[in-house]
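Here's the structure we're looking at; comments come further down.
There are 2 protein chains.
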Amino acid sequence: MTFSEENYLKTIYHLTSVSDTDISTNAIAEKMETKASSVTDMLKKLSEKDLVNYVKYQGVSLTDKGKLAAKMIVRKHRLWECFLVEKLDFSWDEVHDIAEQLEHIKSEKLINKLDDFLGNPTEDPHGDPIPDANGRIIKVEKQLLSEFEKNQIGICVGVKDTSSDFLKYLDKQEIALGSQIEIIEKESFDSSFRIRVGSKEITISNKIASNLYIK
Amino acid sequence: MTFSEENYLKTIYHLTSVSDTDISTNAIAEKMETKASSVTDMLKKLSEKDLVNYVKYQGVSLTDKGKLAAKMIVRKHRLWECFLVEKLDFSWDEVHDIAEQLEHIKSEKLINKLDDFLGNPTEDPHGDPIPDANGRIIKVEKQLLSEFEKNQIGICVGVKDTSSDFLKYLDKQEIALGSQIEIIEKESFDSSFRIRVGSKEITISNKIASNLYIK
DNA sequence: TATAATTTTTAGCTTTGCCTAAATTTAATT
DNA sequence: AATTAAATTTAGGCAAAGCTAAAAATTATA
Ligand SMILES: [Mn+2]
Ligand SMILES: [Mn+2]
Ligand SMILES: [Mn+2]
Ligand SMILES: [Mn+2]
Chain A
1 MTFSEENYLK
11 TIYHLTSVSD
21 TDISTNAIAE
31 KMETKASSVT
41 DMLKKLSEKD
51 LVNYVKYQGV
61 SLTDKGKLAA
71 KMIVRKHRLW
81 ECFLVEKLDF
91 SWDEVHDIAE
101 QLEHIKSEKL
111 INKLDDFLGN
121 PTEDPHGDPI
131 PDANGRIIKV
141 EKQLLSEFEK
151 NQIGICVGVK
161 DTSSDFLKYL
171 DKQEIALGSQ
181 IEIIEKESFD
191 SSFRIRVGSK
201 EITISNKIAS
211 NLYIK
Chain B
1 MTFSEENYLK
11 TIYHLTSVSD
21 TDISTNAIAE
31 KMETKASSVT
41 DMLKKLSEKD
51 LVNYVKYQGV
61 SLTDKGKLAA
71 KMIVRKHRLW
81 ECFLVEKLDF
91 SWDEVHDIAE
101 QLEHIKSEKL
111 INKLDDFLGN
121 PTEDPHGDPI
131 PDANGRIIKV
141 EKQLLSEFEK
151 NQIGICVGVK
161 DTSSDFLKYL
171 DKQEIALGSQ
181 IEIIEKESFD
191 SSFRIRVGSK
201 EITISNKIAS
211 NLYIK
């Protein structure tokens with residue numbers, strides 16, 4: 001499987017986890033920052049290999065084979081992110097781009113040994129679940145902070161947006177995975193939040209609150 | 001720089017370290033298991049980028065820029081091999097192919113952090129030197145076992161052939177880096193050797209002796 | 001329902017890296 | 001020195017993965 005094929009599978013997998021309906025050519029093109037015509041070409045190729053169910057003009061979905069392949073790539077991506085943060089002392093906003101490269105390294109043995117070396121983590125540095133060697137995922141119940149109400153208290157367990165900008169903003173506000181967050185006030189006008197993080201009280205916009213997972 | 005360009009540079013670098021004259025198109029083609037015409041194409045491209053000095057029909061050599069780039073690839077290759085053996089518990093005959101992939105991961109920061117994580121090793125699992133971040137190499141004097149004479153004693157510090165087959169043979173004979181080797185007898189007829197490794201006495205062919213570095 | 005807008009596919013072109021076969025240059029032998 | 005052999009390059013093609021522009025299908029709207 002080529003890098004490009006792997007990237008398409010991963011993109012379809014991620015898009016599926018949001019909507020669960022068939023994925024459109026344009027949605028894939030947008031996410032991959034490529035052209036719809038290029039996507040069509042690749043869908044034919046993936047279909048030929050039984051990795052996706054593709055019906056002209058009707059969108060695409062992963063076959064079981066394709067879903068497993070996608071999960072294995074996600075597994076590699078997230079395990080490498082763990083490695084970078086926990087062993088090499090990278091910060092969580094630096095690891096994604098490097099993991100985008102490392103996820104394409106081909107060796108079952110390598111990834112399983114890496115898994116053991118890291119102590120078989122179930123989540124990556126952004127709170128996303130890591131599929132095991134069989135593709136099984138432990139789902140953790142979590143809600144967006146934006147869905148919380150006044151006086152509720154929770155623990156930050158993940159981020160939806162994993163962009164470097166957002167993660168650095170969280171660092172600045174001293175919000176990290178494991179931080180306790182208490183809703184002090186919810187401003188009805190702009191849906192911003194007044195929250196307590198540790199000992200500090202800060203105000204965050206609704207956009208921020210919509211990208212923080214709380215449990 | 002593409003994977004292919006990197007592989008060509010690395011190959012030219014390795015061929016140079018053997019002969020130090022200009023490298024022929026055919027030599028590169030043979031080592032890379034490709035065709036001479038493909039090599040010619042790539043040499044033009046590398047020349048265009050000032051990575052090699054290339055004169056039609058006259059062979060090729062690395063420019064300073066090309067040599068440094070090659071060393072950085074070798075550095076990555078060997079550091080990853082160290083990682084695989086020392087941290088993930090791979091054996092020395094399993095790591096080369098995986099390192100062939102890992103050496104193409106692009107991130108200065110990654111490789112320097114990996115270097116530190118491993119304790120800044122100066123040699124890889126096969127006894128080959130690891131260039132530092134500036135491309136400097138600590139050369140260790142070493143001779144081939146085949147050049148040794150009767151009654152000489154030395155320590156095995158490297159292997160010339162790094163094929164899995166040869167390394168597995170050495171494992172079977174319990175010869176490893178650091179093993180003490182004593183020449184008991186040198187058979188003049190076939191240039192084979194009777195040697196003592198640790199407490200055992202074994203006979204090895206000249207071919208084996210010509211692939212073991214001793215100090 | 002007919003037309004317009006949007007989405008998707010097809011057709012044809014580009015680049016990279018490889019190939020085979022033919023031409024050219026260099027090296028080795030009469 | 002002329003011829004033969006070997007090495008190298010050129011010419012022309014192919015597959016992967018991308019692109020633009022045009023055609024076709026689907027969806028939305030008047
Ligand atoms: Mn990531
Ligand atoms: Mn992640
Ligand atoms: Mn190696
Ligand atoms: Mn090595």
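Read top to bottom, the protein sequences are chains A and B.
Number 215 marks the last residue of the first sequence (UniProt numbering); no jumps.
Number 215 marks the last residue of the second sequence (UniProt numbering); no jumps.
All C-beta atoms, glycine included, are put in the ideal place defined by N, C-alpha and C.
Cβ-based contacts, 9 Å cut-off: residues of the segment 115-139 of chain A near chain B:
Of all residues in the segment 115-139 of chain A, D116, F117 have a Cβ within less than 9 Å of some Cβ in chain B.
Between which two residues does the alpha helix (DSSP H) harbouring B/Y54 extend?
Looking up residue 54 of chain B in the second sequence gives position 54. Going by DSSP, B/Y54 is part of no alpha helix (DSSP H) but of the beta strand (DSSP E) stretching over 52-55.
Closer than 9 Å, Cβ to any Cβ of chain A: which residues of the segment 78-105 of chain B, in chain order?
Only L84, K87, L88, D89, F90, E94, D97, I98, Q101, L102, H104, I105 from the segment 78-105 of chain B bring a Cβ to less than 9 Å from some Cβ of chain A.
C-beta contact flag for B/I183 and B/E149 at 8 Å
As a first step, residue 183 of chain B is located in the second sequence; it is residue number 183 there, counting from the start. As a first step, residue 149 of chain B is located in the second sequence; it is residue number 149 there, counting from the start. The answer is yes: Cβ separation under 8 Å.
Is the CB of B/L110 under 8 Å away from at least one CB in chain A?
Locating residue 110 of chain B in the second sequence gives position 110, counting from the first residue. Closer than 8 Å to some Cβ of chain A, the Cβ of B/L110 qualifies, so yes.
Interface residues of chain B around A/S107 at Cβ under 7 Å?
Counting from 1 along the first sequence, the entry for residue 107 of chain A is found at position 107. Simply I98.
Rounded separation between B/E6 and A/L68 - CA only:
Looking up residue 6 of chain B in the second sequence gives position 6. Looking up residue 68 of chain A in the first sequence gives position 68. Rounded to the nearest whole angstrom, the C-alpha separation of B/E6 and A/L68 is 32 Å.
Ignoring anything shorter than 3 residues, give me the beta strand (DSSP E) runs that lie fully in the segment 140-187 of chain B, in order along the chain.
With a minimum length of 3 residues, the continuous beta strand (DSSP E) runs that stay inside the segment 140-187 of chain B are 153-159, 180-186.
On the CB-based measure, 16 or more other CB atoms within 10 Å of its CB, does A/Y213 come out buried or exposed?
The residue labelled residue 213 of chain A in the question sits at position 213 within the first sequence. A/Y213 is buried by the Cβ-count criterion.
So does A/T34 have its beta carbon nearer than 7 Å to some heavy atom of ligand 3?
Sequence index remark: in the first sequence, residue 34 of chain A carries index 34 (1-based). Flag unset: Cβ of A/T34 not near ligand 3.
If B/E185 and B/R196 are in contact, beta carbons under 8 Å, what's the gap, nearest whole angstrom?
In the second sequence, counting from the first residue as 1, residue 185 of chain B sits at position 185. In the second sequence, counting from the first residue as 1, residue 196 of chain B sits at position 196. Not a contact, Cβ separation roughly 10 Å.
Does the distance between the C-beta of A/H104 and the nearest non-hydrogen atom of ligand 4 fall short of 7 Å?
Stepping through the first sequence from its first residue, residue 104 of chain A is reached at position 104. Flag unset: Cβ of A/H104 not near ligand 4.
The segment 158-181 of chain A: positions lying closer than 7 Å to chain B by Cβ:
Listed in sequence order: no entries.
Leaving out five residues before and five after B/I153 in sequence, what residues of the same chain have Cβ atoms less than 6 Å from its Cβ?
Residue numbering aside, residue 153 of chain B sits at position 153 when the second sequence is read from its first letter. Excluding residues within five positions, the ones whose Cβ falls inside 6 Å are E182.
Any idea if A/V60 is buried or exposed, counting beta-carbon neighbours within 10 angstroms, 16 or more meaning buried?
On the first sequence, position 60 is the one that residue 60 of chain A refers to. Under this definition A/V60 is a buried residue.
At a threshold of 7 Å, does A/R78 count as lining ligand 2 (C-beta to nearest heavy atom)?
Translated into positions along the first sequence, residue 78 of chain A becomes position 78. Yes - ligand 2 has a heavy atom lying nearer than 7 Å to the Cβ of A/R78.
Which chain B residues are close to A/K10, counting only those with a beta carbon under 8 Å from its beta carbon?
Within the first sequence, the letter at position 10 stands for residue 10 of chain A. Listed by position along chain B, the residues whose Cβ is nearer than 8 Å to that of A/K10 form an empty set, because the closest Cβ is around 18 Å away.
A/Y57 burial status per 10 Å Cβ neighbour count (16 or more: buried)
As a first step, residue 57 of chain A is located in the first sequence; it is residue number 57 there, counting from the start. Exposed.
Short Cβ contact (8 Å threshold) for A/L46 with A/Y8
Position 46 of the first sequence, counted from the start, is the residue given in the question as residue 46 of chain A. Position 8 of the first sequence, counted from the start, is the residue given in the question as residue 8 of chain A. Result yes, Cβ atoms of A/L46 and A/Y8 sit closer than 8 Å.
Measuring only from the beta carbon, is B/A69 closer than 7 Å to any heavy atom that is part of ligand 3?
Here residue 69 of chain B refers to the residue found at position 69 when the second sequence is read from its first residue. Result no, Cβ not under 7 Å from ligand 3.
Here's the rule I'm using: 16 or more other beta-carbon atoms within 10 Å means buried, otherwise exposed. How should A/F83 be labelled?
By 1-based counting over the first sequence, the position of residue 83 of chain A is 83. A residue is called buried once 16 or more other Cβ atoms fall within 10 Å of its Cβ, and A/F83 is buried on that count.
A/A133: which of A/T122, A/K142, A/H126 sits nearest, CA to CA?
The residue labelled residue 133 of chain A in the question sits at position 133 within the first sequence. Looking at the Cα atoms, A/T122 is the closest of the given residues.
Under a CB-based cut-off of 8 Å, is B/K113 close to chain A?
Position 113 of the second sequence holds residue 113 of chain B. For B/K113, the closest Cβ of chain A is nearer than 8 Å.
Status (buried if at least 16 other CB within 10 Å, exposed otherwise) for A/G127
Working through the first sequence from its first residue, we reach residue 127 of chain A at position 127. Answer is buried; the Cβ neighbour count reaches 16.
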